[in-house]
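These notes concern the structure reproduced below.
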Amino acid sequence: MHFGKYASVIFASTIKFVGGPLTGATLGLTWLETALCTTLGMMLSVVVVTYAGVALQSLLNRYRSQRPKRFTRRTRMAVRIWKRSGMIGIALLTPLLLTPIGGTAIAVSFRVNRGQLLLYMLISGVFWAVLQTLLIYQIPGIKGFFAH
Numbered sequence: 037m038h039f040g041k042y043a044s045v046i047f048a049s050t051i052k053f054v055g056g057p058l059t060g061a062t063l064g065l066t067w068l069e070t071a072l073c074t075t076l077g078m079m080l081s082v083v084v085v086t087y088a089g090v091a092l093q094s095l096l097n098r099y100r101s102q103r104p105k106r107f108t109r110r111t112r113m114a115v116r117i118w119k120r121s122g123m124i125g126i127a128l129l130t131p132l133l134l135t136p137i138g139g140t141a142i143a144v145s146f147r148v149n150r151g152q153l154l155l156y157m158l159i160s161g162v163f164w165a166v167l168q169t170l171l172i173y174q175i176p177g178i179k180g181f182f183a184h
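Listed below in C-alpha cells is the structure:
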C-alpha cells in the first residue's frame, strides 16, 4: 500500500481538484487509485465545508460590517449558474472552475439540502475524477516528468 502517495493525492484534490490527477500520475499510481483518491479528497472538502459552513457563515456575519453587500464578478457568476441550472450546475462546475471548497460554499450559501448537496457533489466528483485522470494519464511522459 502507498499511504503516503494516497494522502498526497487526497490532499491535493481537497484544495484544487485537478491537483489530484496530476499528483497521482506523477507519483506513479494507477489511474483507478488516482481517481478514487481524487474523489475522496474532493468529498473530504465537501463534507467539511457542508457541516462547518453554517457555523463559519454565522461567525463571519458576526464580525462583518453592516455595509450593504457588493456583488462581485464571482458572486454574479454564482447567481447566474444557480438560476440557470441550480445545484446540478454548481456540482458539475465545482471540479472544473469553482474548486471543491468554493463550489460547496456556494451551495451552502444557497441553502441546498445537505443530502442533495453531498449526492450531487459525489456524482460530479466521480465523473470528473475518472475523466480528468484518464485524460492526464494519456499525456506522454507525465508519469516520469517530475521523477528526475
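In this note's numbering, the protein residues as written are 37 to 184. Cβ coordinates follow ideal geometry from the N, Cα and C atoms, glycine included. Predicted model only: the values in this text are computed from it and were never measured.
At 4 residues or longer, and completely inside the stretch 92-141: list those alpha helix (DSSP H) runs for me, N to C.
List check, alpha helix (DSSP H) in window: 109-129.
Taking leucine 68 and isoleucine 46 to be in contact with their CB atoms under 8 Å, please state how far apart those CB atoms are, rounded to whole angstroms.
Contact flag wrong, Cβ pair sits at about 15 Å.
In or out: phenylalanine 39 buried (at least 16 other Cβ within 10 Å) or exposed?
Looking at its Cβ environment, which holds fewer than 16 other Cβ atoms inside 10 Å, phenylalanine 39 is exposed.
Find the nearest neighbour of alanine 71 within the set Gln174, Leu63, Leu167, Pro176, judged by alpha-carbon distance.
Taking only the C-alpha atoms, the option nearest alanine 71 is Leu167.
Taking all protein chains shown into account, decide if alanine 61 is buried (16 or more other Cβ within 10 angstroms of its Cβ) or exposed.
Alanine 61 is buried by the Cβ-count criterion.
Could you give the first and the last residue of the continuous alpha helix (DSSP H) run that contains leucine 167?
Where leucine 167 is concerned, the enclosing alpha helix (DSSP H) stretches over 150-173.
Within this structure, are the beta carbons of alanine 143 and methionine 123 separated by less than 9 Å?
A contact, by the Cβ cut-off of 9 Å.
Please report the distance separating the alpha-carbon of leucine 65 from that of lysine 41.
Cα to Cα, leucine 65 sits roughly 8 Å from lysine 41.
With distances taken from CA atoms, which of Ser145, Leu95, Leu92 is nearest threonine 111?
The shortest C-alpha separation from threonine 111 is found at Ser145.
On the CB-based measure, 16 or more other CB atoms within 10 Å of its CB, does threonine 74 come out buried or exposed?
Threonine 74 is buried by the Cβ-count criterion.
Let me know the secondary structure DSSP gives valine 54 once reduced to three states.
Coil at valine 54, not helix or strand.
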